[in-house]
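This report concerns only the one structure given below.
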Amino acid sequence: MIENSLLDKLLIEADLSEPAAQLLTELRVLEVTDSTNNWVMNCLRQGGEEFIACIANQQTAGRGRNGKVWQSPSNANIYMSLGTVFDVSRLSQMGGLSLACGVMVARLLHSMGVSAQLKWPNDILVDDKKLAGILVETRIKAKQVLVVVGIGLNVKMPAHKAPKIDQPWIDLQTLLAANEINLNRNIIAAQLLNTLITGLLQYQKNGFDSFADDWKKFDMLRGRSVIIKTHEDEFDAEVLGVNAAFALRVKVNNKETIFHAADIKLKLNPAC
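Residue 251 in full-length UniProt numbering sits at position 251 of the sequence shown, and the numbers go up by one each step.
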């Protein structure tokens, strides 16, 4: 069951694990902001120390991949960004970070009893309906890579917002309606921070290796038919998986082809 709750910094901090509480140098809870990713990136650019988090009750310019609008109504969901810093020598690892963060969140959701799956490169779905999205943004500064991980998680989406969402969606309120455990946005936000901080430390140490097995377990696209849209064309394909560079492997007309996230839009084929 999801309880109605106002976001409260002190309540979130009270539920942080000891490692997260020690490592989180700043937690800002805002009533309204344009984008939590923007807020955290600006802090990192100004020399903020890792880890920095921002959680907003509402975003006026929330965005997903390719600049797509992320519906961010007030008092409904979780809009959160966490910032950290990688050494520039780790730049080649950044391609897998979005996938790894998806694994981190999927693991947490499974611990709540939610059968989350991952849709390359950055969506979290349940029964082919979108529950959450992840947006990882990076900037180079001197010998550092500034990294911001943004998460939008549908907790209790208002019904009147449904017509503005251009794909099937679901929220935690629906998924956990019969669950006897009481949750609210403050508890969920703290659990996300615990999970992400621990996971990012793992990623800094071991790269994608710590997440590869669970990615394969949660990957919902492998073996499925999808519709791929490029700048020039639209066509059906069968997903084969992800290669070592985290690009999507697909079969088109019995020939394997590789696509990178920035080059395509992808959706499940409703005919299959």
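Glycine included, C-beta positions come from ideal geometry on N, C-alpha and C.
Check: Option nearest Met236 by Cα separation, candidates Thr257, Phe218, Asn243, Asp219; Outcome: Rather than Met, the amino acid found at residue 236 in this sequence is Asp. Selected option, being the one with the closest Cα: Thr257.
Check: Cβ neighbours of Leu176 in the same chain (closer than 8 angstroms, five flanking residues each side left out); Outcome: Met1, Ile2, Met112, Gly113, Val114, Leu183
Check: Nearest neighbour of Asn42, chosen from Lys141, Leu10, Leu172, Asn254 [CA to CA]; Outcome: Lys141
Check: Of the listed residues Val155, Leu172, Val88, nearest to Lys143 (C-alpha basis); Outcome: Val88
Check: Nearest neighbour of Ala76, chosen from Ile134, Gly133, Phe218, Met157 [CA to CA]; Outcome: Met157
Check: Beta bridge counterpart(s) of Gly150 as assigned by DSSP; Outcome: Ser81, Leu135
Check: Local conformation of Cys54 per DSSP, three classes; Outcome: strand
Check: Val136 beta carbon less than 8 angstroms from that of Ser92; Outcome: no
Check: Uninterrupted alpha helix (DSSP H) stretches inside the segment 10 to 56 (no shorter than 4 residues); Outcome: 18 to 23, 36 to 45
Check: Inter-residue Cα distance where the pair is Cys101 and Leu200; Outcome: 8 angstroms
Check: Beta-bridge partners of Lys119, as assigned by DSSP; Outcome: Asp123
Check: For Val32 and Gln58, believed in contact at Cβ under 8 angstroms, the rounded distance; Outcome: 5 angstroms
Check: Beta-carbon gap between Phe208 and Gly96 smaller than 8 angstroms; Outcome: yes
Check: Thr195, buried or exposed, once every other Cβ within 10 Å from all chains shown has been counted against 16; Outcome: buried
Check: Helix, strand or coil at Ile187 [DSSP, three-state]; Outcome: helix
Check: Per-residue burial, Cys272 [other beta carbons within 10 Å of its own, 16 or more giving buried]; Outcome: exposed
Check: Whole-number beta carbon distance between Val103 and Leu118, since they are thought to touch under 8 angstroms; Outcome: 7 angstroms
Check: N- and C-terminal bounds of the beta strand (DSSP E) containing Leu248; Outcome: 248 to 252
Check: Top-ranked residue by Cα proximity to Pro168, from Asn154, Leu193, Ile181; Outcome: Asn154
Check: Inter-residue Cα distance where the pair is Leu23 and Asn254; Outcome: 49 angstroms
Check: When Gln46, Tyr203, Pro19, Pro121 are compared against Asn243, the one with the closest alpha-carbon; Outcome: Pro121
Check: Boundaries (first-last residue) of the alpha helix (DSSP H) holding Leu175; Outcome: 172 to 175
Check: Spatially closest choice to Val29 from Ser17, Glu49, Leu6, Glu234, by CA coordinates; Outcome: Leu6
Check: DSSP three-state assignment for Met216, whether helix, strand or coil; Outcome: Just to set this straight, residue 216 is Lys in the shown sequence, not Met. Correct three-state label for Lys216: helix.
Check: Simplified DSSP state of Phe208, which is helix, strand or coil; Outcome: helix
Check: Proximity to Lys216 [Cα-Cα], best of Ile227, Leu240, Leu193, Asp233; Outcome: Leu240
Check: Short Cβ contact (8 angstroms threshold) for Val149 with Met94; Outcome: no
Check: Closest residue to Asp8 among Asn269, Leu27, Leu248, Asp127 (Cα-Cα distance); Outcome: Leu27
Check: N- and C-terminal bounds of the alpha helix (DSSP H) containing Gly96; Outcome: Neither: Gly96 is in no alpha helix (DSSP H) and is coded neither H nor E.
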